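Residue numbers (this note's numbering): 140 to 624.
Every residue, glycine too, gets a C-beta built ideally from N, C-alpha and C.
Keep in mind the model is a prediction, meaning the values are calculated, not measured.
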Ligand code: BES
Ligand code: MN
Ligand code: ZN
């Protein structure tokens, strides 16, 4: 079981596998806590020989000479900002050796910084080993739980707890994204959601395929009907007594996106287990809000379906009816996310939330426009900017994007109210304009996390390869700001 606690012990007498110390911009080590002068001088000598520097996240590993510690990880603190401390802790956590039993972080910071370092360290240490047969992990352990016992010098319990909540939500999202679609499908996802919800005092309602049909959720049904594993809609509600407002969160939960009959080429399919990242982010944000006891109502909607080609799959040119009545001509079955989200948005807005946000791995065009790390945010100006501000505050790269009204013409269908694809230019934006047709005058924003949800490159900072948990920290912060307003 991973644990993270405070310590005020003398570093010279502590026993641990690794000690993480900060290097400031002048190249000097600045330990937080007592460390005897000779040891510090020795470490500084090693640091300067090895050119340890203050560049954020640069790491130098040296032996713990004169200490009861195997290795000392020297990490650049950059400008010492909360953002840099989070990144530094993440980079350092990845240099602590394989499965360290104990790690001490001795970097001075205020509560903000401690919370950020806590989250950064736990997330940097994240590993997904559920499918490695030689992994010596306990079945019940989540991957927040590498089994390391962490100590943070001079930390307050409240700062540690804030870090734990954030790390738990992000790591839980990563786990779901990384889980192969053989094991994660709409039914199993819904069961996982129900289980967690019950444990956290969150109310869960699962709509099965019969209820979806009776109530007219044509988007989720249309996308899900090609799979033998039937779709679900899950509603999660965190409802504290003191809540003065409610935020609805709607997540795209395509547990595998083959493209359907508009089949994707094999290469593009390899990462399509990640297409439920929005729903996973929504679920863990609701659970995180409950764990942090945020005084704000949160209703999460998980739009779960597997997009498969088969004899029962929807066909290009089919017309489906979205919840609430609008019809959509499905010209490309690979533009499926907007169909399930349309159902979810209309249903969410029916309850009159103060704000509704949706989050989705919606378009390849997001990556073309903004690259692999920066998510696009669209919607009502005021809410879009509020989301971007929340993202900036927690250093998640997100960028405001427009919803040009002229793109709506491209969504005109010859037979239905709308069609599900537009022209080739501005694909992220036309997907946003499509969703906009289902939100009326709700205070809405849409987050396209297509590429940022999954890191296909090398780990960096506290971000591993594979599922990243993109959006979770922003959504949690968005809720926290509103809860405390
Ligand atoms: N799930 C994909 C979007 C995606 C692409 C996510 C790459 C992550 C990485 C989505 O369902 C999709 O297939 N979108 C199409 C839309 C097109 C048919 C209008 C796309 O982006 O090509
Ligand atoms: Mn698709
Ligand atoms: Zn998709």
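Quiz prompt | Straight-line Cα distance separating residue 265 from residue 200 | solution = About 20 Å.
Quiz item: Which residues bound the beta strand (DSSP E) around residue 556?
Solution: Note, residue 556: premise wrong, no beta strand (DSSP E); not H, not E.
Quiz item: Near residue 533, which residues of its chain fall below 7 Å by C-beta distance, leaving aside the five closest residues on each side in sequence?
Solution: Within the same chain, residue 533 has close Cβ partners 612, 613 and 616.
Quiz item: Can you list, in chain order, the residues of its chain whose CB lies under 7 Å from that of residue 485, leaving out five sequence neighbours each side?
Solution: Here the set comprises 461, 462, 463 and 577.
Quiz item: How about residue 369 and residue 319: are their beta carbons less than 8 Å apart?
Solution: Cβ atoms of residue 369 and residue 319: not closer than 8 Å.
Quiz prompt | Residue nearest to residue 541 in terms of C-alpha spacing, selected from 172, 597 and 520 | solution = Of the candidates 172, 597 and 520, the one whose C-alpha sits nearest the C-alpha of residue 541 is 520.
Quiz item: Sorted by chain position, which residues of the same chain lie with C-beta nearer than 8 Å to residue 316's C-beta, five sequence neighbours on each side aside?
Solution: 412, 413, 415, 416, 419, 592, 593, 605, 606, 607 and 608, listed in sequence order.
Exercise. Have a look at residue 480 and residue 498 and give me their C-alpha separation to the nearest angstrom.
Key: Separation of residue 480 and residue 498 (C-alpha to C-alpha, rounded to the nearest whole angstrom) is 9 Å.
Quiz item: Which whole-angstrom value describes the C-beta separation of residue 373 and residue 332, a residue pair presumed to lie in contact below a C-beta threshold of 8 Å?
Solution: Yes, residue 373 and residue 332 are in contact; Cβ-Cβ is about 5 Å, under 8 Å.
Self-check item: Exposure of residue 239, with buried meaning 16 or more beta-carbon neighbours within 10 Å
Solution: Residue 239 is buried by the Cβ-count criterion.
Quiz item: Comparing the CB of residue 606 with every heavy atom of the ligand ZN, is any distance shorter than 7 Å?
Solution: No heavy atom of the ligand ZN is found nearer than 7 Å to the CB of residue 606.
Practice problem: Closer than 8 Å by C-beta to residue 256: which residues in its own chain qualify, once you throw out the five before and the five after it? Chain order, please. | Solution: Closer than 8 Å at Cβ, skipping near neighbours: 224, 225, 227, 228, 244, 246, 248, 291 and 302.
Quiz item: Are the beta-carbon atoms belonging to residue 531 and residue 467 less than 8 Å from one another?
Solution: Not a contact, by the Cβ cut-off of 8 Å.
Quiz item: Where in the segment 503 to 551 do unbroken runs of the beta strand (DSSP E), each at least 3 residues long, occur, reported from the N-terminal end onward?
Solution: Assignment of beta strand (DSSP E) within the segment 503 to 551, counting only whole runs of 3 or more residues, yields 514 to 518 and 537 to 539 in chain order.
Quiz item: Exposed or buried, which one is residue 579 when buried takes at least 16 other CB atoms within 10 Å?
Solution: Around the Cβ of residue 579, a 10 Å sphere holds fewer than 16 other Cβ atoms; the residue is exposed.
Quiz item: If you measure from the CB of residue 471, is any heavy atom of the ligand BES nearer than 7 Å?
Solution: Yes, since a heavy atom of the ligand BES falls inside the 7 Å radius drawn around the Cβ of residue 471.
Self-check item: Distance cut-off 7 Å: residue 445 Cβ against heavy atoms of the ligand ZN
Solution: Checking every heavy atom of the ligand ZN against the Cβ of residue 445, none is found closer than 7 Å.
Practice problem: Verify the contact flag: residue 474, CB atom, against every heavy atom of the ligand MN, threshold strictly below 7 Å. | Solution: Yes; taking the cut-off as 7 Å, the Cβ of residue 474 has a heavy atom of the ligand MN nearer than that.
Self-check item: When 159, 459 and 392 are compared against residue 552, the one with the closest alpha-carbon
Solution: In terms of CA proximity to residue 552, 459 leads the group 159, 459 and 392.
Quiz item: What are the boundary residues of the beta strand (DSSP E) that residue 436 is part of?
Solution: Going by DSSP, residue 436 is part of the beta strand (DSSP E) stretching over 436 to 446.
Exercise. Flag this pair as touching only if the segment 442 to 459 and the segment 351 to 368 have three or more C-beta atom pairs under 8 Å; answer yes or no.
Key: The answer is yes - the segment 351 to 368 touches the segment 442 to 459, with three or more Cβ pairs under 8 Å.
Quiz prompt | Close-in-space but distant-in-sequence residues of the same chain around residue 537 (CB under 6 Å, 5 per side omitted) | solution = Cβ within range, chain order: 514, 516, 527 and 530.
Quiz item: From what residue to what residue does the alpha helix (DSSP H) around residue 572 run?
Solution: 566 to 575 is the span of the alpha helix (DSSP H), which, as asked, contains residue 572.
Quiz item: Can you list, in chain order, the residues of its chain whose CB lies under 7 Å from that of residue 581, leaving out five sequence neighbours each side?
Solution: So the list reads 488 and 495, once near-sequence residues are dropped.
Quiz item: Buried or exposed: which applies to residue 396, given that a residue is buried once 16 or more other Cβ atoms fall within 10 Å of its Cβ?
Solution: Classification for residue 396: buried.
Quiz prompt | Exposure of residue 525, with buried meaning 16 or more beta-carbon neighbours within 10 Å | solution = The residue is buried, with at least 16 neighbouring Cβ atoms inside 10 Å.
Quiz item: Going by the beta-carbon positions, is the gap between residue 141 and residue 261 smaller than 8 Å?
Solution: In contact: residue 141 and residue 261 (Cβ atoms closer than 8 Å).
Self-check item: Cut-off 8 Å between Cβ atoms - residues of its own chain near residue 296, not counting five sequence neighbours on either side
Solution: Cβ neighbours of residue 296 beyond the five flanking positions: 145.
Quiz item: Thinking C-beta only, is residue 230 closer than 8 Å to residue 198?
Solution: Result yes, Cβ atoms of residue 198 and residue 230 sit closer than 8 Å.
Self-check item: Cross-strand partners of residue 371 (DSSP beta bridge)
Solution: According to DSSP, residue 371 bridges with 443.
Exercise. Give me whichever residues DSSP pairs with residue 392 in a beta bridge.
Key: Answer by DSSP bridge pairing, in chain order: 443.
Quiz item: What does a CB cutoff of less than 8 Å around residue 602 pick up in its chain, not counting 5 residues either side in sequence?
Solution: Closer than 8 Å at Cβ, skipping near neighbours: 229, 262 and 594.
Quiz item: Taking the alpha carbon of residue 620 as the point to measure from, which residue in 161, 435 and 470 has its own alpha carbon closest?
Solution: Ranked by how close their Cα comes to the Cα of residue 620, the residues 161, 435 and 470 have 435 in first place.
Quiz item: Whose C-beta lies closer than 7 Å to the C-beta of residue 623 among residues of the same chain, with five residues either side of it excluded?
Solution: Closer than 7 Å at Cβ, skipping near neighbours: no residue.
Quiz item: Beta-carbon separation of residue 543 and residue 568 under 8 Å?
Solution: If you check the CB distance, residue 543 and residue 568 come in under 8 Å.
Quiz prompt | Span separating the alpha-carbon of residue 433 from that of residue 219 | solution = CA-CA distance, residue 433 to residue 219, rounds to 28 Å.
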